[in-house]
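Chemist: Going by full-length UniProt numbering, the sequence shown opens with residue 1, and the numbers climb by one from there. Please read through the structure below; I'll follow up with questions.
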Amino acid sequence: MNRTTWEPTLSIILGYDPSTLRERVDLRAADERLEELGSLRSLSALNEKTVLLRLLGRLDEAYTVANEAVRQARFTGDREQLLGARIRRGQVLQYQGKFDEAIVELTGCVDEARGREWTALEAFAVQNRGKVHFDMKEYESALSDMTAAVFLREKLGASPAEIEGALTAVAVVQRFLEAQRAAAGPGEGDAGGGDGVGDGVGSPA
């Protein structure tokens, strides 16, 4: 796992679904990689297994392995590794539909990463919290998190591809938020419209 981004750079991820913000996956390659990892129990192997099992939809197994990774990271005393493992556990909770638990987990991770000035981990956590808000149809909160992730990635000096991916997520959330406001009607749709969350989102481009 790259400590610059803390996010998987697995070749099995083909892209992202613009309607769900979830990964599009080469399922055969994911299965093959999981088989290669076999019974390995190193922290890096557990982290990768958590991601693979989640992407394959084997969520109960993913949660079990995620918990094992958290325990092992806690035992090592490496706070950064522990935070990364907790974020990946939060991703599994999201996929299980346990949104409230995922928000609690990821918010704790955002706060700790921000307090320790671990910008890469903060970006990883806040982006994933935004995805949970998106699944919950809380588009204003999702937009706030996704926008924050863009600025954090810029601060990190992320690659143009990473910045573009983050900006694409912002654009998707904006589209859903606008549709939600339109469906709510002018009275309700105007409420909160001046919060400025989405203003200037294009500025990082």
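Positions of the beta carbon are idealized from the N, C-alpha and C atoms, including for glycine.
(1) Do Leu34 and Lys49 count as a contact pair if the criterion is CB distance below 8 Å?
(2) Which runs of the alpha helix (DSSP H), 4 residues or longer, sit entirely within the stretch 58-100?
(3) With 16 other CB atoms within 10 Å as the buried threshold, where does Ala158 fall?
(4) Can you tell me whether Thr147 is buried or exposed, with buried defined as 16 or more other CB within 10 angstroms of its CB?
(5) Quick check: the Cα distance between Arg88 and Glu36, rounded to an integer number of angstroms?
(6) Quick check on Gly57: buried or exposed, where buried means 16 or more other Cβ atoms within 10 Å of its Cβ?
(7) Given a threshold of 16 other Cβ atoms within 10 Å of its Cβ, counted over all protein chains shown, does Gly90 qualify as buried or as exposed?
(8) Here's the rule: buried if 16 or more other CB atoms are within 10 angstroms of the residue's CB, otherwise exposed. What is Gly130?
(9) Report the three-state DSSP secondary structure of Arg24 (helix, strand or coil).
(10) Starting from Ile13, follow the beta strand (DSSP E) in both directions and report where the run begins and ends.
(11) Between the Cα of Leu43 and those of Leu83, Glu122, Gly97, spot the shortest distance and give me the residue it belongs to.
Modeler: So, to answer that:
(1) yes
(2) 59-76, 79-95
(3) buried
(4) buried
(5) 21 Å
(6) exposed
(7) buried
(8) buried
(9) strand
(10) 13-16
(11) Leu83
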